[in-house]
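Here's the structure we're looking at; comments come further down.
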Amino acid sequence: MDYFSICSMAVGLAMDAFAVSVSDGALSKSVKIPYALKLSFFFGFFQLLMPVIGWLFGKLGESFIKDIDHWTAFGILSVIGFKMIADYINEIRVRGIQEEHNTLSLHTMLILALATSIDALATGVILPSAVGASSLTAMFTAVFIIGSITFIISFSGIYLGKFFGYVFSRHSGLFGGVILLTIGSKILIEHLIYGI
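Numbering (the numbering used here), first residue to last: 105 to 300.
Shown next, in the form of structure tokens:
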């Protein structure tokens, strides 16, 4: 199993959650550890759950996907990557002044966790071919790593936001998009050159 690709993909997918965490930390009037743990848990859990759901859907069409998995991986990661970069550019254009708020409600946390993990749903379809997670154990190891990295990045993001404001959140979408585009290109090039 390609742990470097898994970790790189996890970081790329976690950038939406990181941006939300930094923004929340910057705008929250007070941030306490139980609150940061709860928000980070939801981000990590949904980022773990969505690839599993995507993988199960992918298994239904496995016979079709098997012959084109490298193109599917390249296409999905490229679309997600370009979308993240486009969202980043759009956010730069429309960013306005935001005001401080109280901590987020449980309902809002769940909505944000779901919204920031949609990209991981599509990634789950091609995760086995993207990172070499061919067995069930390898697949669950991969999604556990993705969820754990998202949790750590989100938790860190809340406190980075509290101390450094928007400096870290402004370019996270661009960073995540570039990572996913790079991984997608790597998968395609390895297949075309080495037949992997």
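Each residue gets a CB set at the ideal place from its N, CA and C atoms; glycine is no exception.
If you're wondering where the values come from, they're calculated on a predicted model, not measured in any experiment.
In this structure, how does DSSP classify S209 when only helix, strand and coil are distinguished? The count along the sequence shown starts at 1 and reaches residue 209 at position 105. Reduced to three states, the DSSP call for S209 is coil.
Measuring CA to CA, which of L284, L141, F267, I262 is closest to G123? Taking the sequence shown and counting its residues from 1, the one referred to as residue 123 is at position 19. Note on residue identity: the sequence assigns Ala, not Gly, to residue 123. Checked all of L284, L141, F267, I262; the closest Cα to A123 is I262.
Report the CB separation of I253 from V156 in whole angstroms; it is logged as a contact under 8 angstroms. Taking the first residue of the sequence shown as 1, we reach residue 253 at position 149. Taking the first residue of the sequence shown as 1, we reach residue 156 at position 52. For a cut-off of 8 angstroms, the C-beta gap from I253 to V156 is around 16 angstroms, too long to register as a contact.
Taking only three categories from DSSP, how would you classify K132? Along the sequence shown, one-based indexing puts residue 132 at 28. Residue identity differs from the one stated: residue 132 is Ser in this sequence, not Lys. Secondary structure at S132: strand, using DSSP grouped into helix, strand and coil.
Go ahead and label A217 buried or exposed: buried means 16 or more other beta carbons lie within 10 angstroms of its beta carbon, across all protein chains shown. Within the sequence shown, residue 217 is the residue found at index 113, counting from 1. By the neighbour-count definition (other C-beta atoms within 10 Å, threshold 16), A217 is a buried residue.
What residue from I110, C111, M119, I184 has the CA that sits closest to F279's CA? One-based indexing of the sequence shown puts residue 279 at position 175. F279 has its Cα closest to that of M119, out of I110, C111, M119, I184.
Is the beta carbon of T207 less than 9 angstroms from the beta carbon of S134? As a working mapping, residue 207 is identified with position 103 in the sequence shown. As a working mapping, residue 134 is identified with position 30 in the sequence shown. The Cβ atoms of T207 and S134 lie closer than 9 angstroms to each other.
Measuring straight from C-alpha to C-alpha, what distance separates I287 and F161? By 1-based counting over the sequence shown, the position of residue 287 is 183. By 1-based counting over the sequence shown, the position of residue 161 is 57. C-alpha separation (whole angstroms): 22 angstroms.
Could you check whether G129 and A121 sit closer than 9 angstroms to each other, using their CB atoms as the reference points? Locating residue 121 in the sequence shown gives position 17, counting from the first residue. Locating residue 129 in the sequence shown gives position 25, counting from the first residue. For A121 and G129, no; Cβs fall outside 9 angstroms.
How should M154 be labelled, buried or exposed, when 16 other C-beta atoms within 10 angstroms of its C-beta is the threshold for buried? Residue numbering aside, residue 154 sits at position 50 when the sequence shown is read from its first letter. Answer is buried; the Cβ neighbour count reaches 16.
Among G185, M243, E294, T220, whose alpha-carbon lies nearest the alpha-carbon of G148? Looking up residue 148 in the sequence shown gives position 44. It is T220.
Got a sec, what are the start and stop residues for the alpha helix (DSSP H) S49 sits in? Residue 49 cannot be examined here, being either before or after the span of the chain that is shown, 105 to 300.
Per DSSP, what kind of secondary structure is D106 in: helix, strand or coil? For the purposes of this step, residue 106 is taken as the residue at position 2 of the sequence shown. Judged by DSSP in its simplified three-state form, D106 adopts coil rather than helix or strand.
Assumed close pair L284, L181 - CB separation to whole angstroms, cut-off 8 angstroms: Numbered from 1 along the sequence shown, position 180 holds the residue referred to as residue 284. Numbered from 1 along the sequence shown, position 77 holds the residue referred to as residue 181. Under the criterion of beta carbons closer than 8 angstroms, L284 and L181 qualify as touching, at roughly 5 angstroms.
Considering only residues of the same chain and omitting the five flanking positions on each side of T241, which have a CB-CB separation below 6 angstroms? Looking up residue 241 in the sequence shown gives position 137. For T241, where only same-chain residues beyond five positions count, there are no Cβ hits under 6 angstroms.
Among the candidates V282, F150, E195, whose CA atom is the shortest distance from the CA of I222? Residue 222 sits at position 118 when you count from the first residue of the sequence shown. For I222, the closest of V282, F150, E195 by C-alpha to C-alpha distance is F150.
Can you give me the Cβ contacts of F305 inside the same chain, cut-off strictly under 6 angstroms, excluding the 5 residues immediately before and after it? Outside the displayed range of the chain (105 to 300) lies residue 305, so it cannot be described from this structure.
Could you tell me the distance, in whole angstroms, from the CA atom of L152 to the CA atom of I250? Here residue 152 refers to the residue found at position 48 of the sequence shown. Here residue 250 refers to the residue found at position 146 of the sequence shown. CA-CA distance, L152 to I250, rounds to 6 angstroms.
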